[in-house]
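> Residue numbers (our numbering): 24 to 263. Just so it is clear, CB atoms sit at the ideal spot from N, CA and C, and this is done for glycine as well. Computed from a predicted structure; not experimentally measured. This structure is in structure tokens; I'll ask about it shortly.
Here it is in structure tokens:
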């Protein structure tokens, strides 16, 4: 009997730090479900990929490049990183410990595709090239991908809001893995790729998931947090 394409291990009794220290390694994909307004909007929009219209657990994807000379795991990602008086938009390197915050990142996954050292080196080089070239993070492309989630027939075509030298997080990860000959989401154009589709990839891998499903009360609060600005926007449009 052929081995299953995906082997999944689910845990719930570890901290984010313990989980990542146990399962993260060079060449893996990391996924998180964030709690910011944009994260919640992405998770909500991904319900169109679920037969029961359930919100996705996942809103951001990144590539784990491995441990460096400082003894820390580092990631390469395309992200919207905002600090006081400092904003970074696009391809960047960060320490993996930015995802240790349980309040900000309730769910985490690590996908291990068993890449060779040569494949990992190829991905790291490609990722660092994009960092050096100041690849942009495009919120505009996210909106194009969200349009595609509602109109599935266009998802095999180029993102209608695509820009040159820009990738949002999951499109960035998909692009990197194509350099190693691994297509995570066949049939879907690169800049339509969502974190939910990466977690569902049919490419053979081992998947490790730290799952803390939100309570019904918390989910109701999250929905309200997303719904309020949408209602305000609709009200403004009606007045026009």
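(1) Pick helix, strand or coil for residue 190, following the three-state DSSP scheme.
(2) Just checking, does the region 123 to 137 make contact with the region 28 to 46 on the three C-beta pairs under 8 Å criterion?
(3) Using the Cα positions of residue 116 and residue 99, report the straight-line distance between them to the nearest angstrom.
(4) Mapping the DSSP letters down to three states, classify residue 231 as helix, strand or coil.
(5) Check whether the region 121 to 130 touches the region 142 to 150, counting contact only when three or more Cβ pairs, one atom from each stretch, lie closer than 8 Å.
(6) Residues in its own chain within less than 6 Å of residue 62 by CB, not counting five upstream and five downstream?
(7) Report the residue ranges of all alpha helix (DSSP H) runs contained in full by the region 35 to 83; include only those spanning at least 4 residues, in chain order.
(8) Nearest CA to the CA of residue 196: which residue from 187, 208, 225?
(9) Using CA coordinates, which residue listed in 30, 234, 34, 67 is at the minimum distance from residue 170?
(10) Apply the 10 Å Cβ neighbour rule to residue 225 and answer buried if 16 or more other Cβ atoms are within range, or exposed otherwise.
On the basis of the supplied data:
(1) Your numbering for residue 190 matches position 167 in the chain shown. The answer is coil: DSSP assigns residue 190 none of H, G, I, E or B.
(2) yes
(3) On the chain shown, position 93 is the one that residue 116 refers to. On the chain shown, position 76 is the one that residue 99 refers to. Spanning the two alpha carbons is a distance of roughly 5 Å.
(4) Taking the chain shown and counting its residues from 1, the one referred to as residue 231 is at position 208. Three-state DSSP puts residue 231 in a strand.
(5) no
(6) Walking along the chain shown from the start, residue 62 turns up at place 39. Answer for residue 62: 82, listed in chain order.
(7) 39 to 46, 60 to 68
(8) Position 173 of the chain shown, counted from the first residue, corresponds to residue 196. Residue 208 is the option with its Cα nearest to residue 196.
(9) Against the chain shown, residue 170 aligns to sequence position 147. The shortest Cα separation from residue 170 among 30, 234, 34, 67 belongs to 67.
(10) Start at 1 with the first residue of the chain shown, and residue 225 comes out as number 202. The residue is exposed, with fewer than 16 neighbouring Cβ atoms inside 10 Å.
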